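To keep things clear, I will list the structure first and then write my remarks on it.
There are 2 protein chains.
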Amino acid sequence: MTRYIGAPGHWRDWVTHFPALARLEPAAREELLDNSFEVRLAAGEIGYREGDACNNFILRIDGWSRIQRLSANGREVLLYRVGPGDSCVLTTSCLLGVSRYPAASTAETDLREVAIAGATFRTLLNTSDVFRQFVFEHYGRLLSDMIALLDELKFRRLDARLADLVLARTDGGSPVEDTQSRIATDLGSTREPVGRILKQWERKGWITLARGRLEVVDREALTALAADQG
Amino acid sequence: MTRYIGAPGHWRDWVTHFPALARLEPAAREELLDNSFEVRLAAGEIGYREGDACNNFILRIDGWSRIQRLSANGREVLLYRVGPGDSCVLTTSCLLGVSRYPAASTAETDLREVAIAGATFRTLLNTSDVFRQFVFEHYGRLLSDMIALLDELKFRRLDARLADLVLARTDGGSPVEDTQSRIATDLGSTREPVGRILKQWERKGWITLARGRLEVVDREALTALAADQG
DNA sequence: GGCGATCTGCGACTAAGTCACATTCAGCCG
DNA sequence: CGGCTGAATGTGACTTAGTCGCAGATCGCC
Chain F
18 MTRYIGAPGH WRDWVTHFPA LARLEPAARE ELLDNSFEVR LAAGEIGYRE GDACNNFILR
78 IDGWSRIQRL SANGREVLLY RVGPGDSCVL TTSCLLGVSR YPAASTAETD LREVAIAGAT
138 FRTLLNTSDV FRQFVFEHYG RLLSDMIALL DELKFRRLDA RLADLVLART DGGSPVEDTQ
198 SRIATDLGST REPVGRILKQ WERKGWITLA RGRLEVVDRE ALTALAADQG
Chain U
18 MTRYIGAPGH WRDWVTHFPA LARLEPAARE ELLDNSFEVR LAAGEIGYRE GDACNNFILR
78 IDGWSRIQRL SANGREVLLY RVGPGDSCVL TTSCLLGVSR YPAASTAETD LREVAIAGAT
138 FRTLLNTSDV FRQFVFEHYG RLLSDMIALL DELKFRRLDA RLADLVLART DGGSPVEDTQ
198 SRIATDLGST REPVGRILKQ WERKGWITLA RGRLEVVDRE ALTALAADQG
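Chains F and U are the protein sequences, given in the same order.
Take the first sequence: its position 73, counted from the start at 1, is 90 in our numbering, and no numbers get skipped.
Take the second sequence: its position 100, counted from the start at 1, is 117 in our numbering, and no numbers get skipped.
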């Protein structure tokens with residue numbers, strides 16, 4: 018993992034990327050700025066692996082990463098993505114519960130983030146209402162999201178979930194540029210069933226398929242499919 | 018929902034049920050005791066439903082409840098149980114994040130618990146290190162647990178999960194007293210597949226079946242089954 | 001003993017995932 | 001240009017899980 022400590026300069030400006038932290042109490046703000054450092058990761062690099070210990074609280078300034086769980090039998094699910102303005106909530110969980118990472122993180126684009134030492138994180142939780150509010154709002158949302166995801170992955174039909182994913186990734190009619198195998202992983206499924214569904218859709222004239230790409234032809238059909246299965 | 022305000026009397030003794038709160042700072046202890054009240058629910062009653070707002074922090078003194086998520090298509094999963102000495106962690110999440118309950122709670126036995134008004138809860142978080150520590154430790158674990166549950170429900174075979182459940186509920190060789198349908202719900206599955214697996218096990222001589230009950234004969238066989246599938 | 005509600009058993013069917021292998025395609029190298 | 005290679009895709013047979021409809025068994029209760 019390659020990490021660069023950022024140069025001082027305008028370093029303290031990073032707080033502006035987190036509107037909720039704008040109201041930070043002056044003392045807390047100083048504490049935070051004095052004890053944080055910049056981290057950069059290149060696309061494709063691994064942020065952490067399952068079982069890693071966690072030392073720093075992380076705030077994402079720029080770039081996207083995926084948090085995924087790798088199961089005992091080799092299957093994989095995308096749990097969620099972390100983007101600009103987010104905190105890495107699994108990190109919060111580990112720092113709070115003194116446990117190890119239950120999932121892994123990979124950079125999908127180049128990343129720029131702020132790391133805050135665990136001790137500082139805990140101090141701020143104790144002393145700053147604003148900081149505490151910031152942290153727990155993110156945590157609570159993710160917890161709800163994970164419960165919703167569980168529900169979705171376990172009980173919703175694959176074709177409906179696939180329709181949702183395709184529609185979400187094709188704003189403005191642009192094609193989805195991804196392999197079927199990667200799409201399957203995002204859905205917590207595997208290549209073959211996903212490929213079969215896509216092939217059917219192609220035969221019905223709903224989409225066109227090419228190697229590593231897919232284009233939506235009949236948006237309504239997919240929308241209806243996504244809607245009809247709870 | 019029937020709620021009884023407990024009589025004063027030895028009311029303040031309840032703190033002894035929560036060892037982690039024993040070290041509470043005297044001022045915080047007073048604050049907590051002065052602003053909490055006892056709640057009782059009878060077995061079968063509903064604590065809260067999905068979408069309910071949350072007003073009080075809850076500590077369980079006695080009895081067990083189940084927190085479950087009910088899906089759009091009528092399926093149901095048990096997320097976790099709350100027992101003596103636990104706090105209801107989803108409540109923490111709602112109070113901290115100002116969101117609504119993403120799941121429902123049902124009393125499995127008669128319950129006795131302590132409710133603490135949201136305002137008091139927030140005050141104590143600000144003022145008491147011990148209280149904060151108590152809350153966060155419980156809270157941090159939940160997210161990891163939900164991710165592990167997701168993994169288990171989505172990727173582990175039903176027979177292995179069923180074997181685990183049966184073994185866990187039959188300490189000391191006592192029979193499992195539950196209907197197949199309720200067992201299936203606990204596993205996020207349905208009656209028929211669970212019934213089929215149990216019937217097979219009976220034919221193999223691993224268990225004996227009766228209406229609303231099941232007895233383990235060959236503990237080793239079940240242990241092996243639970244172990245071999247990730 | 002009879003009755004109703006609940007629990008259990010079973011068969012046929014659909015959805016999803018696994019396995020093994022064939023086919024197609026893009027990029028590259030000579 | 002042609003052929004090679006590896007990745008991506010297509011396909012069929014099979015297993016596991018869940019759905020649906022209904023039959024049969026069992027318990028508590030009058």
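All C-beta atoms, glycine included, are put in the ideal place defined by N, C-alpha and C.
All values derive from a computational prediction rather than experimental measurement.
Are the C-beta atoms of residue i and some chain U residue less than 7 Å apart?
i	result
residue 164 (chain F)	yes
residue 76 (chain F)	no
residue 205 (chain F)	yes
residue 92 (chain F)	yes
residue 198 (chain F)	no
residue 88 (chain F)	yes
residue 69 (chain F)	no
residue 175 (chain F)	no
Kindly indicate which residue of the options has the alpha-carbon position closest to the one of residue i.
i	options	result
residue 126 (chain F)	F:158, F:81, F:170	F:81
residue 98 (chain F)	F:139, F:152, F:166	F:166
residue 241 (chain U)	U:218, U:228, U:177, U:221	U:177
residue 224 (chain F)	F:190, F:142, F:207	F:190
residue 226 (chain U)	U:202, U:35, U:197	U:197
residue 151 (chain U)	U:38, U:54, U:186	U:38
residue 149 (chain U)	U:45, U:29, U:30	U:45
residue 59 (chain F)	F:89, F:28, F:164, F:128	F:128
residue 115 (chain F)	F:139, F:103, F:219	F:139
residue 103 (chain F)	F:90, F:91, F:153, F:93	F:153
residue 206 (chain U)	U:170, U:216, U:218	U:170
residue 117 (chain F)	F:68, F:162, F:202	F:68
residue 54 (chain U)	U:134, U:90, U:91	U:134
residue 175 (chain F)	F:35, F:155, F:208, F:163	F:208
residue 79 (chain U)	U:66, U:91, U:90, U:35	U:35
residue 199 (chain F)	F:231, F:220, F:218	F:231
What residues in its chain sit with their C-beta under 6 Å from that of residue i, if we drop five residues either side in the sequence?
i	result
residue 172 (chain F)	none
residue 233 (chain U)	187, 224
residue 66 (chain U)	121
Less than 7 Å between the beta carbons of residue i and residue j, yes or no?
i	j	result
residue 77 (chain F)	residue 101 (chain F)	yes
residue 239 (chain F)	residue 184 (chain F)	yes
residue 2 (chain U)	residue 40 (chain U)	Here chain U comprises residues numbered 18 to 247, so residue 2 (chain U) is not present and cannot be evaluated.
residue 105 (chain U)	residue 71 (chain U)	no
residue 74 (chain F)	residue 108 (chain F)	yes
residue 144 (chain F)	residue 52 (chain F)	no
residue 95 (chain F)	residue 120 (chain F)	no
residue 157 (chain F)	residue 142 (chain U)	no
residue 168 (chain U)	residue 88 (chain F)	yes
residue 48 (chain F)	residue 202 (chain F)	no
Going by beta carbon distance, what residues of the same chain come within less than 8 Å of residue i, once the five residues before and after it are set aside?
i	result
residue 123 (chain U)	61, 62, 63, 64, 82, 83, 85
residue 229 (chain F)	194, 195, 196
residue 245 (chain U)	177
CB-CB under 7 Å to residue i, same chain, minus the five flanking residues each way: which ones, in chain order?
i	result
residue 179 (chain F)	204, 211, 214
residue 235 (chain F)	222, 223
residue 29 (chain F)	50
7 Å is my cut-off, CB to CB: does residue i come that close to chain F?
i	result
residue 172 (chain U)	yes
residue 153 (chain U)	yes
residue 157 (chain U)	yes
residue 208 (chain U)	no
residue 265 (chain U)	With chain U represented from 18 up to 247, any question about residue 265 (chain U) goes unanswered, as that position is not in the structure.
residue 128 (chain U)	no
residue 36 (chain U)	no
residue 51 (chain U)	no
residue 103 (chain U)	no
residue 122 (chain U)	no
residue 41 (chain U)	no
residue 192 (chain U)	no
residue 145 (chain U)	no
residue 113 (chain U)	yes
Just to confirm the assignment: which complete alpha helix (DSSP H) runs, minimum length 4, are found wholly within the segment 200-240 of chain F?
Those alpha helix (DSSP H) runs which fall completely within the segment 200-240 of chain F and span 4+ residues are 208-220.
Unbroken stretches of the beta strand (DSSP E), 3 residues or longer, contained in the segment 95-170 of chain U
Every beta strand (DSSP E) stretch that sits fully inside the segment 95-170 of chain U and reaches 3 residues is listed by chain position as 121-124, 128-134.
Could I get the ranges of all uninterrupted beta strand (DSSP E) runs contained in the segment 24-87 of chain F, with 3 residues as the minimum, in chain order?
With a minimum length of 3 residues, the continuous beta strand (DSSP E) runs that stay inside the segment 24-87 of chain F are 53-58, 63-65, 73-79, 82-87.
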